[in-house]
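Residue numbers (this note's numbering), protein chains in the order written: chain A, 1 to 432; chain B, 433 to 864.
See below:
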């Protein structure tokens with residue numbers, strides 16, 4: 001029985017990465033939760049941060065105290081049933097900031113912490129509790145960002161800038177070289193929607209020239225493009241985005257995506273479209289499939305509602321003939337483990353998962369033993385029960401202290417653009 | 433690690449029940465399997481019987497010996513990948529006799545036995561390992577059959593005939609009264625396709641008159657009717673099959689079902705169509721949904737590939753807006769537990785499940801303590817780890833001895849019709 005539920009908002013240094021939403025603030029916000037059972041077992045999980053998430057966790061708390069950690073369906077039926085039916089798309093709000101999926105996000109973290117507890121009680125890794133491993137290690141992709149100079153954090157708390165400023169195609173190739181040398185990734189994702197489309201096309205071409213077709217490429221402009229521009233970029237990159245790559249959320253809305261797909265197919269370009277913006281919940285999958293708007297769905301064990309939700313999404317995608325990949329937000333090692341278990345317990349996960357992990361720093365890791373290691377771009381399931389790591393709760397306390405001292409309470413990339421780049425900046429869709 | 437895999441074909445006395453497939457033989461065939469681990473834990477499961485199932489289990493054996501009981505995804509990937517892609521429909525072959533689903537049926541039993549082992553190792557009921565209970569007890573329906581006199585078994589091994597001959601509408605009402613008095617069922621299913629459609633319509637009407645609208649009604653003629661007849665019966669019973677009831681497999685094939693649905697809707701009759709004949713695997717669900725051929729899918733933890741497969745099917749049905757119910761074959765208490773855990777672990781299971789359990793006898797039960805009890809038509813998840821019952825292996829040995837002495841090696845209801853009812857009997861579709 002769960003007797004204690006602790007909720008720790010934390011702030012984590014984050015470099016000034018760019019996307020169509022704007023620019024990352026010097027700190028990314030996360031929430032670390034801890035459940036303790038009457039048997040003396042504790043489980044932990046990491047989730048989106050800021051005051052929206054915090055409020056959801058505090059509302060969920062009374063349902064979790066006293067519960068049996070195995071009784072997850074019941075918790076969902078009691079708690080998730082109240083989920084708002086409003087727009088959960090990530091067209092305007094970044095993942096983790098939409099109140100319409102706040103309940104399933106909070107549930108997801110509790111599920112992960114309960115599975116951590118169950119795994120420790122049983123002496124088995126979490127993915128083994130969920131049907132066992134389809135694979136022993138979760139492959140991730142090199143997640144490249146156009147960025148300003150700076151490694152994240154502020155003042156005395158500023159971090160080293162490992163990758164420097166990267167605002168040109170050549171700088172991105174350098175960034176990718178560094179990242180692959182360090183982590184061994186075998187697939188590459190470029191966050192687009194930042195520079196003129198011609199420059200992003202050039203970036204992808206330079207990456208292909210540098211790394212060759214053995215490294216599948218994906219680009220994700222987060223809806224920055226019109227249908228016309230999406231088709232133009234797609235046709236320009238028809239070779240580069242084939243063979244295991246994809247074009248992710250080029251334009252806003254399922255209708256726009258479907259139109260892009262129709263026009264690309266009419267021009268003989270079969271590159272698949274992926275989405276985590278227009279498709280964020282189970283309700284969206286069938287319409288997206290029916291309209292051929294999306295061929296690859298990006299799962300996420302955080303905002304889809306948990307590790308089992310990723311498995312369920314995999315089954316649904318398999319039944320519909322859709323591909324499955326995984327989305328990422330800025331995160332620490334605990335989320336990386338949740339993502340790795342989700343991937344390994346989901347046979348349908350055929351694409352390398354996204355991860356922001358290279359953008360965070362050793363100084364901010366909350367796991368005992370420091371940052372997790374990648375082998376050939378993959379995270380191996382630890383040979384330990386539960387999620388497979390011990391949380392350094394003193395470190396969590398330090399990061400929470402920082403959270404309460406800092407002014408950041410929600411992710412607002414547009415505000416950062418106005419502060420640092422252009423006082424008049426607004427998110428305009430389509431921008432090109 | 434699994435060190436032993438025992439496979440026991442058994443024969444179980446079965447009354448001469450009728451369906452459009454013909455007449456049940458005096459014995460139903462089942463297989464009971466037992467897995468033993470190096471830790472000294474044993475798990476058991478019950479599956480379809482006869483030589484086809486037996487061959488599949490013997491072929492699977494080498495993959496199971498030495499495996500970790502948690503490693504179920506891997507076993508499926510290794511073993512299920514070789515599944516034949518041929519027709520798995522149950523239009524001509526009864527469930528359990530189609531070689532095209534033999535692999536997933538064998539896998540299902542191994543999964544159930546592994547979950548039984550894991551549950552015992554962890555000290556928790558199986559459904560708790562699968563996300564926890566959506567409900568504490570699995571509701572079942574009163575499964576009524578037109579039948580000849582006789583309780584099943586042969587010669588000195590003949591069983592008492594609790595329900596007597598039931599070949600008229602009135603006799604079925606009496607059968608239902610007896611069954612509900614004994615088990616407390618709250619939903620009613622009539623196996624049709626046996627008498628003239630007018631008599632089956634009359635049977636349903638008499639049942640409604642006797643039990644009222646508080647007892648939803650379903651009728652399942654197993655494809656015995658033409659599209660015309662299906663529509664005629666559907667319109668005649670539009671009231672009786674509404675409000676939680678359904679019309680199950682009135683006619684053969686998805687095209688026929690879709691046509692029945694179209695015509696019923698055109699006549700303003702929205703009674704849902706259910707299927708376990710045309711829809712037997714995940715590959716069938718999306719086409720059935722797309723053509724509006726089926727509104728309710730009948731799961732089965734045996735031939736759909738396990739308890740997790742029922743959960744996955746529930747998720748798929750939920751995503752598509754389809755209803756979920758559960759199919760049954762003749763079975764003993766161990767299968768009843770597998771079905772109850774499947775139901776309780778699947779939030780989407782909104783209809784009472786089918787069960788043949790009332791047709792079997794105390795003398796044939798293989799559980800220590802005898803037959804399982806129903807409360808208000810439902811089977812409560814036992815407060816014991818694993819599937820929740822101990823198998824009486826001496827009794828299994830006795831039933832296996834009987835299997836080897838008897839001539840029955842596969843279910844052949846048509847042959848029984850020729851033996852006992854009409855030497856020229858053949859399965860004709862549509863019959864009416």
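Yeah, the Cβ is synthetic: ideal placement off N, Cα and C, and Gly gets one too.
Going by C-alpha distance, which of the options is nearest residue i?
i              : options                           : result
residue 213(A) : 348(A), 233(A) and 244(A)         : 244(A)
residue 649(B) : 664(B), 734(B), 589(B) and 623(B) : 623(B)
residue 848(B) : 540(B), 584(B) and 504(B)         : 584(B)
residue 824(B) : 835(B), 801(B) and 846(B)         : 801(B)
residue 474(B) : 733(B), 764(B), 551(B) and 699(B) : 551(B)
residue 25(A)  : 11(A), 312(A) and 198(A)          : 11(A)
residue 80(A)  : 65(A), 106(A) and 86(A)           : 106(A)
residue 776(B) : 746(B), 857(B), 752(B) and 694(B) : 746(B)
residue 403(A) : 201(A), 161(A), 51(A) and 362(A)  : 51(A)
residue 408(A) : 49(A), 8(A), 2(A) and 93(A)       : 49(A)
residue 246(A) : 238(A), 252(A) and 253(A)         : 238(A)
residue 565(B) : 579(B), 463(B), 598(B) and 743(B) : 743(B)
residue 798(B) : 440(B), 488(B) and 536(B)         : 440(B)
residue 642(B) : 691(B), 598(B), 708(B) and 603(B) : 603(B)
residue 399(A) : 419(A), 362(A) and 424(A)         : 362(A)
residue 364(A) : 160(A), 419(A), 13(A) and 45(A)   : 13(A)
residue 661(B) : 692(B), 638(B), 672(B) and 591(B) : 692(B)
residue 308(A) : 637(B), 778(B), 737(B) and 515(B) : 778(B)
residue 240(A) : 61(A), 207(A) and 338(A)          : 207(A)
residue 873(B) : 852(B), 725(B), 558(B) and 613(B) : Because chain B here runs from 433 to 864, residue 873(B) falls outside it and cannot be looked at.
residue 814(B) : 567(B), 587(B) and 786(B)         : 567(B)
Count the other CB atoms, across all protein chains shown, that sit within 10 Å of the CB of residue i; report buried if there are 16 or more and exposed otherwise.
i              : result
residue 428(A) : exposed
residue 386(B) : Summary: the structure shown does not reach residue 386(B), with chain B confined to residues 433 through 864, and so no result is reported for it.
residue 788(B) : buried
residue 570(B) : buried
residue 436(A) : In this structure chain A extends from 1 to 432, so residue 436(A) is not present and cannot be described.
residue 527(B) : buried
residue 663(B) : buried
residue 111(A) : buried
residue 375(A) : exposed
residue 28(A)  : buried
residue 715(B) : exposed
residue 561(B) : buried
Please confirm if residue i has its CB atom under 7 Å from at least one CB of chain B.
i              : result
residue 356(A) : no
residue 80(A)  : no
residue 110(A) : no
residue 380(A) : no
residue 128(A) : yes
List the residues of chain B that residue i touches, going by C-beta distances under 8 Å, in chain order.
i              : result
residue 305(A) : Result: empty, since nearest Cβ-Cβ is about 11 Å, beyond 8 Å.
residue 73(A)  : 563, 564, 565, 566, 777 and 779
residue 308(A) : 563
Does any residue of chain A bring its CB to less than 7 Å from the CB of residue i?
i              : result
residue 711(B) : no
residue 437(B) : no
residue 748(B) : yes
residue 726(B) : no
residue 744(B) : yes
residue 783(B) : no
Could you tell me which chain B residues have their CB closer than 7 Å to the CB of residue i, listed as they occur along the chain?
i              : result
residue 227(A) : Those do not exist, as residue 227(A) stays about 27 Å from chain B at its closest Cβ, beyond 7 Å.
residue 286(A) : 751 and 752
At 7 Å on the CB atoms, spell out the chain A contacts of residue i, in chain order.
i              : result
residue 502(B) : 124, 128 and 132
Who are the neighbours of residue i on chain B, taking C-beta pairs under 9 Å?
i              : result
residue 282(A) : 747, 750 and 751
Interface residues of chain A around residue i at Cβ under 9 Å?
i              : result
residue 509(B) : 134 and 347
Inset, instruction - Tell me, please, whether the segment 600 to 620 of chain B touches the segment 573 to 583 of chain B by the rule of three or more beta-carbon pairs shorter than 8 Å. - result: yes
- So does the segment 543 to 559 of chain B actually touch the segment 805 to 824 of chain B, counting three or more Cβ pairs closer than 8 Å? yes
Check: Would you say the segment 749 to 758 of chain B touches the segment 709 to 729 of chain B, given that touching needs at least three Cβ pairs under 8 Å?
Finding: yes
Practice prompt. Specify whether the segment 55 to 72 of chain A and the segment 259 to 278 of chain A touch according to this definition: at least 3 beta carbon pairs, one from each stretch, less than 8 Å apart.
Written response: no
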